[in-house]
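Down below is the structure, laid out as C-alpha cells.
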C-alpha cells in the first residue's frame, strides 16, 4: 500500500481514469493504492497534472474514496472550523454545468431595492463569517448599479431563484438578511481603469444560520500554484439573461505576465494584487457574477482565492478575467472584522 501518513495535498482537481471512474489528481503518497499493481491500471494511465517531474511522488489520478487528506489550518477569524465544506465536494466539474442543490453554500445574491420595493439581483457575494459577506467594491460603488436602488440585503441558501414548486419547497433553505453597513477597501478608486483593490465587505444586520445550504467558505491565506479554479453563480448566460439556477464552471489559471501584456493593449495596467484566470471560449464569469469567488479545492475544502472583478466581455477566447488576489487582503479583512467587533 502507499504510505498512509497524511501529508499536505497541493491544490487538486478532478480527473477521470481510463475506466471512467471519477478521481482527483493528487501526489501518489496521498493515494491509497497498491504501488505494485496500481489497482490494475498502468502508471502512465494514472498520470495527471501539468507536470510530473517529482519521480518520488508523481501526480496520479486517484479514486475519490482512496484520497488521503490532511487537515488544513483554519485558525483565523475568516476561517471558521467548518468553512469550505459541502456535501458534494467530490462531484466532477464541467464547463457551464448546473450546480447541485446545496453546492457552494457560501454563495449569496446581493440585492438592491428599487423605488417600488422590488428586490433586484445586482452582484454575487461570498459568506466568510456569520455576519460578513465578501464582494467586489465596484458592486457597491458603481453608479450604474446604484440606479437599481439602494443596497438592501443578501440572499443566502438559494439554488433556483424562480421557485416554481407547488409546495414552495425550494424556498425552505433561503435566508434573506438585511444589510447593516458595508466597508469598501480604502484604496479602491471607482474611476480607475484597472479596478485595483476592488474588494469590499458587507456587514449583515443579523448572523446567518449555518445549515447544509448556508455555510462559509475558507479564505486562501497564501499563494499556491493552482492548476484549476472554479467559478459559480447566477450571472448572465449564453442567451444574455441571468441564470435562474446556480451554475458552475472550471477555468484554468492564466499567466500574470501574459495577462498584463494583454490588458496593457487596452490601457489597463493590472497590479500584482490581481490575478488572472480563464481565457477559454465560453467559460468565464459574466455580469451578475461580479463580487463572487474564484475558488479552488484543497485538503477536501474549498477556498476563495480571488474576487471576480473585471474582464473583456464574457467568455471571450484569449481574454482572461481579472480577479482580486485574496491572500493580499486577508489582513485587511481580519482587521475590519476585529474593528467591527464581529
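In full-length UniProt numbering, the protein residues as written are 1 to 342.
By construction, the Cβ of each residue, glycine as well, lies at the ideal position given by its N, Cα and C atoms.
Query - Through-space distance from residue 160 to residue 338, alpha-carbon basis - result: 35 Å
Report task. Return the CA-CA distance between residue 34 and residue 66, expressed in angstroms with no decimal places. Result -> 11 Å
Query raised in the report: Between which two residues does the beta strand (DSSP E) harbouring residue 106 extend?
Result: Taken as a continuous stretch (DSSP letters only), residue 106 belongs to no beta strand (DSSP E), as it is neither H nor E.
Query raised in the report: Under the three-state reduction of DSSP, which class applies to residue 327: helix, strand or coil?
Result: helix
Requested in this report: Determine the direct distance from the alpha carbon of residue 140 to that of residue 131, and round the result to whole angstroms.
Outcome: 17 Å
Query raised in the report: Does the Cβ of residue 284 have 16 or more other Cβ atoms within 10 Å, making it buried, or fewer, making it exposed?
Result: Below a pLDDT of 50, predicted positions are generally treated as unreliable, and residue 284, at 46, falls in that range; no measurement from the model is reported.
Query raised in the report: Given residue 270, which residues of its chain have a CB within under 7 Å of its CB, disregarding the five upstream and five downstream residues?
Result: 194, 259, 260, 263, 322
Query raised in the report: Taking the alpha carbon of residue 292 as the point to measure from, which residue in 152, 328, 105 has its own alpha carbon closest?
Result: 105
**Report entry** C-beta atoms of residue 226 and residue 205 nearer than 8 Å
**Finding:** no
Query raised in the report: Would you report the Cα separation of residue 199 and residue 137, rounded to the nearest angstrom?
Result: 5 Å
Requested in this report: Please work out which residues of its chain come closer than 7 Å, Cβ to Cβ, to residue 325, disregarding the five sequence neighbours upstream and downstream, and give them in chain order.
Outcome: 273, 274, 275, 306
Query raised in the report: Excluding sequence positions up to five away, which residues of its chain have a Cβ less than 7 Å from the Cβ of residue 340?
Result: 203
Query raised in the report: Alpha carbon to alpha carbon, how far is residue 125 from residue 229?
Result: 17 Å
Query raised in the report: For the putative contact between residue 59 and residue 85, defined by C-beta atoms under 8 Å, what is the C-beta separation to the nearest angstrom?
Result: Wrong, their Cβ atoms sit about 24 Å apart, outside the cutoff.
Query raised in the report: Can the beta-carbon of residue 201 be found less than 8 Å from the beta-carbon of residue 183?
Result: yes
Requested in this report: Grab me the residues of residue 223's own chain with a C-beta within less than 6 Å of its C-beta, minus the 5 sequence neighbours each way, in chain order.
Outcome: 327
**Report entry** Status (buried if at least 16 other CB within 10 Å, exposed otherwise) for residue 1
**Finding:** Bear in mind that the predicted position of residue 1 carries a pLDDT of just 31, short of 50, making it unreliable; the figure below should be weighed with that in mind. Looking at its Cβ environment, which holds fewer than 16 other Cβ atoms inside 10 Å, residue 1 is exposed.
**Report entry** Residue from 82, 31, 43, 42 with nearest C-alpha to residue 62
**Finding:** 31
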